[in-house]
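Novice:
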Amino acid sequence: MAITAVVGSALGCLGAASAADVPARSRVAAVTVFPAGAEIARTARVKIDKGEHTIVFADLPAQAVSSSIRVEGKGVGKLEIGSVDTKRVSVPSVDTLNAETERRKIETEIEKLRDQRVVFEGQAQAAETQKALIQNLTQLPTRPAPMLGQTGGGENWSGVLALIASSTAEAQRASLEAQINIREADRKIKDLEGKLVNVAPNREERTEVKVYVSAAAALEADMTVRYQVSNASWSPLYDARLATGSKAVAPKLELVRRATITQRTGEAWADVAIELSTTRPTSAASAPELNPITVDFEPESKPKPVAVAPAPMAGRIDRMADGLAITAEDAEADLPRARTMAKAVAALEVTAAVVNAPFQAIFQVPGRLTVEPTGEAKRVQLSGDSLDPALSVKAVPKRDQKAYLYAKFALPKGAPLLPGPVSLFRDGTFVGTGRVPLLSPGEEHEMGFGADDLVRVKYAVSDEKKGETGIISSSKTDNRNFKITLKNLHERPMPFMVIDQVPVSQQQDIRVDLTARPQPTKQNVEDKRGVLSWEGQLAIDEEKVIEHAYRVSWPAAKSIIHR
61 MAITAVVGSA LGCLGAASAA DVPARSRVAA VTVFPAGAEI ARTARVKIDK
111 GEHTIVFADL PAQAVSSSIR VEGKGVGKLE IGSVDTKRVS VPSVDTLNAE
161 TERRKIETEI EKLRDQRVVF EGQAQAAETQ KALIQNLTQL PTRPAPMLGQ
211 TGGGENWSGV LALIASSTAE AQRASLEAQI NIREADRKIK DLEGKLVNVA
261 PNREERTEVK VYVSAAAALE ADMTVRYQVS NASWSPLYDA RLATGSKAVA
311 PKLELVRRAT ITQRTGEAWA DVAIELSTTR PTSAASAPEL NPITVDFEPE
361 SKPKPVAVAP APMAGRIDRM ADGLAITAED AEADLPRART MAKAVAALEV
411 TAAVVNAPFQ AIFQVPGRLT VEPTGEAKRV QLSGDSLDPA LSVKAVPKRD
461 QKAYLYAKFA LPKGAPLLPG PVSLFRDGTF VGTGRVPLLS PGEEHEMGFG
511 ADDLVRVKYA VSDEKKGETG IISSSKTDNR NFKITLKNLH ERPMPFMVID
561 QVPVSQQQDI RVDLTARPQP TKQNVEDKRG VLSWEGQLAI DEEKVIEHAY
611 RVSWPAAKSI IHR
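What follows is the structure in structure tokens.
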């Protein structure tokens with residue numbers, strides 16, 4: 061039996077006050093990653109006695125979106141899920157629990173060192189006392205001699221002096237050793253106190269979920285908590301490997317889909333099943349609305365009196381500094397100037413454009429993955445397609461006198477291609493990088509694979525003249541002739557496209573006339589005015605010449621500029 065509940069829902073009247081808490085230790089079982097965000101599924105098995113209980117999940121990250129939390133349960137008997145409550149709590153971190161043993165060990169070592177320091181201080185004090193006693197012995201030779209009739213001591217002063225010397229050296233050595241031991245103990249205590257600071261108990265924010273349930277009998281239940289987090293994403297990237305083939309072997313294109321996954325959610329995804337979805341749950345779910353736009357006549361402005369000699373703004377400021385009053389007329393005269401200054405300071409805010417895919421797809425990543433919450437990218441391979449491309453060359457000789465090899469293909473049925481970078485390989489050699497646009501299944505696309513040295517391209521200005529025509533109404537002219545030469549050195553025919561351009565007039569009095577042999581296949585290519593293209597096919601060892609010219613004429617009394 062499966063039961064699902066959402067945050068804030070209620071099923072019957074389950075008393076939260078009388079419910080017994082049942083802690084649930086859950087683990088991340090599955091993750092669905094979106095281009096922005098992710099949905100996590102945590103699972104836990106709990107034993108529930110008959111009656112009403114509160115299942116407590118205390119291991120959800122702080123980033124869990126409360127409104128997205130869903131709870132599901134499956135049990136061998138009847139289990140009812142009532143309300144689901146969430147709150148933010150502060151708990152000891154996992155690292156703190158693991159470091160508690162180390163902390164106790166460091167504290168024990170510090171305590172031992174402090175006890176040793178007390179011993180060393182006692183040794184130093186004993187040495188100082190010994191040195192004081194020896195100092196008293198040094199006073200013996202200076203005592204007065206015995207009086208006449210009294211018996212002398214007959215002291216052995218050489219023995220006394222030897223005893224003083226040896227005892228002084230021993231006491232000094234003992235004092236020095238004690239001071240060294242004290243200093244070494246202080247250094248060790250300071251180092252251990254620094255380590256103790258590093259293992260100080262830390263706390264971290266978590267989301268606690270309480271699920272109020274009622275069981276008709278004792279049972280075991282498999283509980284699943286689903287929630288969304290924001291600091292996770294995936295992005296596509298591709299490998300395109302082109303085998304150009306030969307006269308007898310058709311070209312092949314291997315398109316490999318890959319993805320990079322990153323997350324900073326505060327929880328590790330360890331050995332979990334991961335799906336990648338193109339859905340954007342954080343974006344708008346419905347189309348925007350438009351407000352009416354009206355067109356009206358501009359209101360007539362009232363005539364304003366013109367001041368005879370309005371004082372400049374600086375004069376007003378000087379008068380204010382001198383303590384003089386500013387009249388109402390002065391303030392009204394300064395209003396237009398102040399408004400102009402405000403308009404000059406104001407700046408327009410530039411916003412970024414966002415493009416969303418109009419479809420959804422889910423990629424199931426093979427196997428199980430581990431993605432740490434460090435933000436480091438995890439690369440995975442999704443799938444690969446073997447395509448039959450059509451090869452051609454494209455040249456823009458005005459900019460670069462090289463032909464570039466292109467592979468045109470149609471995307472097979474299945475998942476779309478999302479925008480992303482692509483690494484390009486031609487016959488096993490890396491030739492550069494490009495970018496794949498948004499492509500739907502069945503849509504055609506051309507992909508460039510670098511310069512083709514077996515197609516030679518030459519571009520030359522064959523003639524250039526400027527002059528003036530007409531007698532009554534003269535005009536100036538600018539004539540330019542161009543010659544483009546292509547030669548195919550491949551062992552097979554090669555389709556080609558050559559792109560060039562002519563100026564475009566922005567005024568009625570400026571005229572641009574085009575002549576070409578052969579005529580261009582297309583004009584205004586990709587809706588770009590003045591851009592021309594010639595398309596065709598080069599046979600083996602064929603050389604093709606394209607000639608075109610334009611003539612610009614305009615009134616002689618005026619000058620023109622090229623932009």
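Numbered according to my numbering, the sequence shown spans residues 61 to 623. Glycine included, each C-beta is placed from N, C-alpha and C at the ideal position.
If you follow the beta strand (DSSP E) that Gln441 is part of, which residue opens it and which one closes it?
Specialist: Lys438 to Leu447 is the extent of the beta strand (DSSP E) around Gln441.
Novice: Rounded to whole angstroms, what's the CA-CA distance from Val572 to Leu465? Just pull it up for me.
Specialist: Answer to the nearest angstrom: the Cα atoms are 33 Å apart.
Novice: Sort out for me which residues DSSP pairs Ser522 with in a bridge.
Specialist: DSSP, once it has assigned bridges, lists no residue as partnering Ser522.
Novice: Taking only the alpha-carbon atoms, compute the straight-line gap between Lys255 and Glu181 and give it to the nearest angstrom.
Specialist: Computed Cα separation, rounded: 25 Å.
Novice: Give a yes or no on whether 7 Å exceeds the smallest Cβ distance from His113 to chain B.
Specialist: No chain B is part of this structure, which consists of one protein chain only.
Novice: Would you say Ala277 and Lys110 are within 7 Å of each other, going by their C-beta atoms?
Specialist: In this structure, Lys110 lies closer than 7 Å to Ala277 by Cβ.
Novice: Helix, strand or coil: how does DSSP classify Leu71 here?
Specialist: Here the model assigns Leu71 a pLDDT of 36, short of 50, so the residue's position is not dependable and the matter cannot be decided.
Novice: Could you tell me if Ser613 is buried or exposed, where buried requires 16 or more neighbouring beta carbons within 10 angstroms of its beta carbon?
Specialist: When all chains shown are included, Ser613 counts as buried.
Novice: Starting from the C-beta of Thr267, find all residues in its chain whose C-beta is less than 7 Å away, skip the five residues before and the five after it, and write them out in chain order.
Specialist: Excluding positions up to five away in sequence, the list reads Leu120, Pro121, Ala122, Ala124, Thr146 and Arg148.
Novice: Pairs of beta-carbons, one from the segment 540-557 and one from the segment 493-511, closer than 8 Å: are there three or more?
Specialist: Contact between the segment 540-557 and the segment 493-511 is absent, because fewer than three Cβ pairs lie under 8 Å.
Novice: Which residues in the same chain have their Cβ closer than 8 Å to the Cβ of Arg105, if we skip the five residues on either side of it in sequence?
Specialist: Glu280, Ala281, Asp282 and Met283, listed in sequence order.
Novice: Does the separation of the CB atoms of Pro476 and Ser500 fall below 7 Å?
Specialist: Yes, they are a contact pair.
Novice: What residues match up with His113 in a beta bridge as DSSP calls it?
Specialist: BP columns for His113 point to Ala80 and Val273.
Novice: Do the segment 432-440 and the segment 337-351 make contact, defined as three or more Cβ pairs closer than 8 Å?
Specialist: The segment 432-440 vs the segment 337-351: no contact.
Novice: Can you tell me which residues form a DSSP beta bridge with Gln424?
Specialist: Note: Gln424 sits in a beta bridge opposite Glu335.
Novice: At which residues does the beta strand (DSSP E) containing Leu484 begin and terminate?
Specialist: First-last of the beta strand (DSSP E) with Leu484: Gly480 to Arg486.
Novice: So, helix, strand or coil for Ala187, using DSSP?
Specialist: Of the three classes helix, strand and coil, the one that applies to Ala187 here is helix, per DSSP.
Novice: For Ile606, which residues does DSSP report across the bridge?
Specialist: Answer is Ile544, bridged to Ile606.
Novice: Taking Glu132 as part of the beta strand (DSSP E), name the residues at either end of that continuous run.
Specialist: Residues Arg130 to Gly135.
Novice: I'd like to know whether the C-beta atoms of Asp331 and Arg459 end up nearer to each other than 7 Å.
Specialist: Taking 7 Å as the Cβ cut-off, Asp331 and Arg459 do not qualify as a contacting pair.
Novice: For Glu169 and Val269, what's the separation of their Cα atoms in angstroms?
Specialist: So the alpha carbons of these two residues sit roughly 41 Å apart.
Novice: To the nearest angstrom, report how far apart Val591 and Ala520 are at their CA atoms.
Specialist: Their backbone Cα atoms lie some 18 Å apart in a straight line.
Novice: Closest to Pro472 by C-alpha separation, out of Val285, Val453 and Pro449, would be which residue?
Specialist: The shortest C-alpha separation from Pro472 is found at Pro449.
Novice: If you reduce the DSSP assignment to three classes, tell me which class Ser295 lands in.
Specialist: It is a strand residue.
Novice: Look at the alpha carbon of Asp569 and the alpha carbon of Lys525, and state the distance between them as a whole number of angstroms.
Specialist: Near 20 Å, if we compare the C-alpha coordinates of Lys525 and Asp569.
Novice: Where Leu514 and Ala576 are concerned, what is the direct C-alpha to C-alpha distance, given to the nearest angstrom?
Specialist: Using only the alpha carbons, I get a separation of about 26 Å.
Novice: Please name the residue in Gly444, Ile242, Asn196 and Ala98 whose C-alpha comes closest to that of Ala184.
Specialist: Nearest option by C-alpha distance: Ile242.
Novice: If I measure Cβ to Cβ from Val440 and keep anything under 6 Å in the same chain, skipping five residues before and after, which residues do I get?
Specialist: Same-chain partners within the cutoff: Ala319 and Val425.
Novice: Please classify Ile621 as buried or exposed, where buried requires at least 16 other C-beta atoms within 10 Å of its C-beta.
Specialist: Under this definition Ile621 is an exposed residue.
Novice: Among Gln461, Ile559 and Thr92, which residue has its Cα nearest to the Cα of Thr338?
Specialist: The residue with the shortest Cα to Cα distance from Thr338 is Thr92.
Novice: Beta-carbon within less than 8 Å of Arg552's beta-carbon, same chain only, minus the 5 sequence neighbours each way: which residues are those?
Specialist: Excluding sequence neighbours, Arg552 sits near Ser306, Lys307 and Ile600.
Novice: Comparing C-alpha positions only, which one of Leu173, Gly133, Glu360 and Thr325 sits nearest to Val273?
Specialist: Cα-wise, what sits closest to Val273 is Gly133.
Novice: Going by C-alpha distance, which of Ser483, Thr537, Asp523 and Lys468 is nearest Glu503?
Specialist: Checked all of Ser483, Thr537, Asp523 and Lys468; the closest Cα to Glu503 is Lys468.
Novice: Since Thr284 is in the beta strand (DSSP E), which residue starts that stretch and which ends it?
Specialist: From DSSP, the beta strand (DSSP E) with Thr284 extends over Leu279 to Val289.
Novice: I'd like the list of long-range same chain contacts for Tyr610, defined as Cβ closer than 7 Å, with 5 residues on each side in sequence excluded.
Specialist: Contacts found: Arg540, Val562, Pro563, Val572, Asp573 and Leu574.
Novice: Locate the beta strand (DSSP E) running through Ala599, then write down its first and last residues.
Specialist: Careful: Ala599 lies outside any beta strand (DSSP E) and carries neither H nor E.
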